[in-house]
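Q:
There are 2 protein chains.
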Amino acid sequence: MGGDHGPSVVVSGVSIAIGLLRDVPVRFLLHGDEALIAAELNRHPLAKAVCDIRHTDKVVAMDEKPAQALRRGKGTSLWNAIEAVKTGEAQGAVSAGNTGALMAMSKLILRMAAEMDRPAIVANWPTMQGVSTVLDAGANIQCDAAQLVEFAIMGEAYHRAMHGVARPTVGILNVGSEDQKGHEEVREAHRLLRESNLDMDYRGFVEGNDLAKGTVDVVVTDGFTGNVALKTAEGMARFFASEMRGALTSSLMSKIGAVIASGALKKMRAKLDPSSVNGGPLLGLNGVVVKSHGGADDRGFANAIKVAANLARSHYAEEFKASMSQLGDVLVHAPAEARLAGSEETPE
Amino acid sequence: MGGDHGPSVVVSGVSIAIGLLRDVPVRFLLHGDEALIAAELNRHPLAKAVCDIRHTDKVVAMDEKPAQALRRGKGTSLWNAIEAVKTGEAQGAVSAGNTGALMAMSKLILRMAAEMDRPAIVANWPTMQGVSTVLDAGANIQCDAAQLVEFAIMGEAYHRAMHGVARPTVGILNVGSEDQKGHEEVREAHRLLRESNLDMDYRGFVEGNDLAKGTVDVVVTDGFTGNVALKTAEGMARFFASEMRGALTSSLMSKIGAVIASGALKKMRAKLDPSSVNGGPLLGLNGVVVKSHGGADDRGFANAIKVAANLARSHYAEEFKASMSQLGDVLVHAPAEARLAGSEETPE
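As you go down the protein sequences, you meet chains A and B in turn. Take the first sequence: its position 330, counted from the start at 1, is 329 in numbering that gives the first Met the number 0, and no numbers get skipped. Take the second sequence: its position 229, counted from the start at 1, is 228 in numbering that gives the first Met the number 0, and no numbers get skipped.
1. Closest Cβ-Cβ distance between Ala232/A and chain B: below 8 Å?
2. Cβ closer than 9 Å: which chain B residues qualify as neighbours of His292/A?
3. At a CB distance below 8 Å, what residues from the region 180–199 of chain B approach chain A? Give them in sequence order.
4. Fully enclosed by the region 21–57 of chain A, which alpha helix (DSSP H) runs are 4 residues long or longer?
5. Should the region 121–133 of chain A be called in touch with the region 209–216 of chain A, which here means at least 3 C-beta pairs below 8 Å?
6. Between the region 315–326 of chain A and the region 261–268 of chain B, can you find at least three pairs of beta-carbon atoms closer than 8 Å?
7. Find the residues of chain A that neighbour Gly262/B, judging by a C-beta separation of less than 8 Å, and give them in chain order.
8. Tell me Tyr201/B's beta-bridge partners as DSSP assigns them.
9. Are the C-beta of Glu206/B and some C-beta of chain A separated by less than 8 Å?
10. For the 8 Å Cβ check, are there 3 or more pairs between the region 57–72 of chain A and the region 21–28 of chain A?
11. Pair every Cβ in the region 185–193 of chain A with every Cβ in the region 90–99 of chain A, then say whether three or more of these pairs are closer than 8 Å.
12. Tell me whether Thr86/B is buried or exposed, calling it buried when 16 or more other Cβ atoms sit within 10 Å of its Cβ.
13. Mind checking Lys106/B: buried by the 16 CB within 10 Å criterion, or exposed?
14. Which residues in chain B have a C-beta closer than 9 Å to the C-beta of Arg237/A? List them in chain order.
15. Using DSSP with H/G/I as helix, E/B as strand and the rest coil, what is Lys180/B?
16. Closer than 8 Å, CB to CB, is Thr224/A near chain B or not?
17. Could you check what DSSP says for Glu336/A in three-state terms: helix, strand or coil?
18. From Ile17/A, Asp32/A, Glu33/A and Val58/A, pick the residue whose C-alpha is nearest to that of Pro44/A; which is it?
19. Within this structure, are the beta carbons of Ile171/A and Ala160/A separated by less than 8 Å?
20. Rounded to whole angstroms, how far is the Cβ of Asn309/B from the Cβ of Ala295/B, which I believe are closer than 8 Å?
21. Tell me where the beta strand (DSSP E) around Gly279/A begins and ends.
22. List the endpoints of the continuous alpha helix (DSSP H) containing Ile81/B.
23. Measuring only the C-alpha atoms, how far is Ile52/A from Gly279/A?
24. Taking the CB atoms as reference points, tell me whether Gly283/A and Met153/A lie closer together than 8 Å.
25. If I measure Cβ to Cβ from Thr168/B and keep anything under 6 Å in the same chain, skipping five residues before and after, which residues do I get?
26. At a CB distance below 8 Å, what residues from the region 130–163 of chain B approach chain A? Give them in sequence order.
27. Does the beta-carbon distance from Ile259/B to Gly299/A come in below 8 Å?
28. Since Val185/B and Leu147/B should fall inside the 8 Å C-beta cutoff, what is the C-beta to C-beta distance between them, to a whole number of angstroms?
29. Run the proximity test for Lys270/B: is its beta-carbon closer than 7 Å to any non-hydrogen atom belonging to the ligand COA?
30. Assign Thr248/A to one of two classes, buried (16 or more other C-beta atoms within 10 Å of its C-beta) or exposed (fewer than that).
31. Hey, does Gly18/A have any beta-carbon neighbour from chain B nearer than 8 Å?
32. Buried or exposed: Asp348/A, going by 16 or more other Cβ atoms within 10 Å of its Cβ?
33. So what's Gly18/A in DSSP terms, helix, strand or just coil?
34. What does a CB cutoff of less than 6 Å around Val13/A pick up in its chain, not counting 5 residues either side in sequence?
35. Going by the CB atoms, is the gap between Arg268/B and Val23/B shorter than 8 Å?
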């Protein structure tokens, strides 16, 4: 029921996801208004064959505060979707709804794995090399050094499980590459990762331009910086697309040129299409939860489903557990204040 | 003598800047190795006619720590360039050299205007609407609310003086637009700007995607976030350019299309060309100092010269003084802790 478009995008997204996940038998529980969902399913027979509707007429509004959503959340479509992961009826939940409510309910229902404070959201970042894992993309507005170390460990486990890279490279986002650059938190996390005996290919600090370059597989940052960087890049992508559209329709000659080069331009657009990387897993929970962009179209939502399905089928849970068991060793090196609890901020 | 290319780019940049500043009589003092500079000037007769060489064989290395550069800085080309602004012999200084040393020396020689702690660096950000003023782009890694308010005031004065906009719109960069979003510092700065009687068109919070959109004229942020956002955008721009080049040379058809559309594509590239926005003024000093990107080419350096010349000719100094006199009124609303001194970080 969530997102800017509700069931129409979700059901059409399911239909597309079936194609994306061709070799994987996948079934869906669709939580929400039965009449609305059934009407959409009638337009998508492929989806209808693999979907069960779980009716509820309670929904979480997109602008509801997380605390309020929690209080009256039980029985909403969002709650039921996460609850199904808890009971084992579903192997993962996907939502385009209220991010703050999704985070809060996921934490309450599924609980955090290990001693983590709250989940981190992953952004799958298209780069010149392929795709990088960037976290946190906005859940934890202020992060201490210990949290950044947790993100490094979770992100590395995620990247290995999802992309089959045996030893993903890891970096911390900073304003320069030297040890003394940046603020206390990044310097301390840098020191902890350097001095620990973690089995991790930690490469040190990276900068903003390394995101598009794909210098490392996993980029660690606090949720404030990660959110700004992600939205800045999205804004630049739209700017660039609009400039290109403008240039290629500015004259008869440019239009002719664009038609002739259209095959190559189409391929390029597909590669840079934001829907191809939509779907940010919430890491740190006992269970798979994936956030779709609220404004995602059906192809974008299908990609979020693909991310959830692949994550559920992967060895992420074991990778994560094994890696987190190393965390204690790292934080032995941490001063007491680096162990303080994380932020109380409300994410988007 | 600074930057990745030294005098060759500087002298060629001067030559190009003369063209950019056609209607403005402008003369140059070139500080550095006389033999090297003279050799370059012989290749640029246009520049030679308006340049005086101020010889010194002392230079600040690009990787020198600011503290070290300060200790042995006297008499270096960087020092002498800033000193010339102090004495009034020059109306502005431009350098592609060591940013940390430039900041530290500028602060020592020119002193901060008002009670500011250290300068903020402006990024001139190309947007769908034109150009926005984004600050701080990397000088102040950690900022309290009072500093963010100072950036708003300085940035607004700068934008008005440089772009002739009577009432520039101002926003604070955050992870969402609601009052309760973000960390303590941005929320407090937001409150101060909202509740003050500043004569400013303050529009509230903006997000990363608003940078390319050009939603507001002046975007206020701490130096850590600003630096990451700026470099993220630069990285994305290079990524797109490389993808486009790749697409338009991928087949005979796309090559033919690209040739036919080349006029329009060239115009687009010019608009998105980073050299067209190179040159970040250091605001808050008693005098004009502009930082050029170390890797800038001669067109980029010429643009940094243009920024310095336009800033020196503008009413910025008076605008700034008038605006800063309002600052006291704003900070009356600030709790004591928001008046704590700024960061001790070393910028790039």
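Built from N, CA and C at the ideal position, the CB exists for glycine as well. These figures come from a predicted structure and were not determined experimentally.
A: Working from what's here:
1. The beta carbon of Ala232/A sits closer than 8 Å to some beta carbon of chain B.
2. Within chain B, no residue comes near His292/A; the closest Cβ sits about 12 Å away, beyond 9 Å.
3. Residues passing the 8 Å Cβ filter: Lys180, Gly181 and His182.
4. Along the region 21–57 of chain A, the alpha helix (DSSP H) occurs as fully enclosed runs of 4 or more residues at 33–41 and 44–47, listed in sequence order.
5. In this structure the region 121–133 of chain A lies against the region 209–216 of chain A, because at least three pairs of beta carbons, one per stretch, are closer than 8 Å.
6. The region 261–268 of chain B is not in contact with the region 315–326 of chain A.
7. Here the neighbours are Ser250, Met252 and Ser253.
8. Paired residues: Val169/B.
9. Yes - at least one Cβ of chain A is within 8 Å of the one on Glu206/B.
10. The answer is no - the region 21–28 of chain A does not touch the region 57–72 of chain A, with fewer than three Cβ pairs under 8 Å.
11. The region 185–193 of chain A vs the region 90–99 of chain A: no contact.
12. Classification for Thr86/B: exposed.
13. Buried, since its Cβ has 16 or more Cβ neighbours within 10 Å.
14. The answer, in chain order, is Met127, Asn208, Ala211 and Lys212.
15. In the structure shown, Lys180/B sits in coil (DSSP, three-state: anything other than H, G, I, E or B).
16. Residue-level contact by beta carbon holds for Thr224/A and chain B, with a gap shorter than 8 Å.
17. The pLDDT assigned to Glu336/A is 49, lower than 50, so where the model puts this residue is not dependable; a value taken from the coordinates is nonetheless given after this. Helix, per DSSP.
18. Checking every option, the nearest Cα to that of Pro44/A belongs to Ile17/A.
19. The answer is no: Cβ separation not under 8 Å.
20. The pair is not a contact, with the Cβ atoms about 17 Å apart (cut-off 8 Å).
21. Unbroken beta strand (DSSP E) run through Gly279/A: Gly279 to Leu282.
22. Looking at the DSSP string, the run of the alpha helix (DSSP H) that includes Ile81/B is Ser76 to Thr86.
23. The alpha-carbon of Ile52/A is positioned some 24 Å away from that of Gly279/A.
24. One thing to note: Gly283/A has its Cβ within 8 Å of the Cβ of Met153/A.
25. Only Asp200, Arg202, Val215 and Asp216 meet the Cβ criterion.
26. For the region 130–163 of chain B, which is checked against every Cβ of chain A, the residues closer than 8 Å are Gly137, Ile140 and Gln141.
27. Not in contact: Ile259/B and Gly299/A (Cβ atoms no closer than 8 Å).
28. Indeed they touch by this definition, with Cβ atoms about 7 Å apart.
29. The model on display carries no ligand, and the ligand COA is accordingly not part of it.
30. With fewer than 16 other Cβ atoms within 10 Å, it is exposed.
31. Look at Gly18/A: its C-beta is not under 8 Å from any C-beta on chain B.
32. Any answer about residue 348/A is impossible in this case: the structure gives chain A only from 0 up to 347.
33. Shown here, Gly18/A sits in a helix according to DSSP, grouped into three states.
34. Excluding positions up to five away in sequence, the list reads Phe27 and Ala46.
35. In this structure, Val23/B keeps its C-beta atom at 8 Å or more from the C-beta atom of Arg268/B.
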